[in-house]
Amino acid sequence: MNKIWIVTGTEYQTKVEKYHTRTVLIEHNLAVCSTKEHAEELANTFASEGNKYLQDSIKVKGYELVGQTYHNFHEEA
């Protein structure tokens, strides 16, 4: 397997405390897939749930195996 596809999403948490509100953004790896089609299908499933992850944050990232490490050469700048 020379390529893997990872579905990521950002979770938004708000915690109200006595004198302030704390907002936390956490990026999760939601799935690791061997095909881009399967990763996109899972990304659509996570996006349709809509209440746990920010809508525009669900992405599919491709990684290529170089030596013994996967690298994301297609990362958006």
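If you read the sequence shown in our numbering, its first letter stands for residue 8, the second for the next number, and so on.
Built from N, CA and C at the ideal position, the CB exists for glycine as well.
In the three-state reduction of the DSSP assignment, His45 falls in the helix class, which pools H, G and I. Cβ contact annotation for Ile65 (same chain, cutoff 6 Å, sequence separation greater than five): Gly16, Ala50, Phe53, Ala54, in chain order. In the structure shown, the three-state DSSP call for Asn36 is strand. With fewer than 16 other beta carbons inside 10 angstroms of its own, Tyr26 counts as exposed. According to the DSSP assignment, Ile13 belongs to the beta strand (DSSP E) that extends over 10-23.
Val67 counts as buried, since no fewer than 16 other beta carbons sit within 10 angstroms of its beta carbon. Nearest neighbour of Glu71 by Cα position, chosen from His35, Lys59, Thr42, Glu24, turns out to be Thr42.
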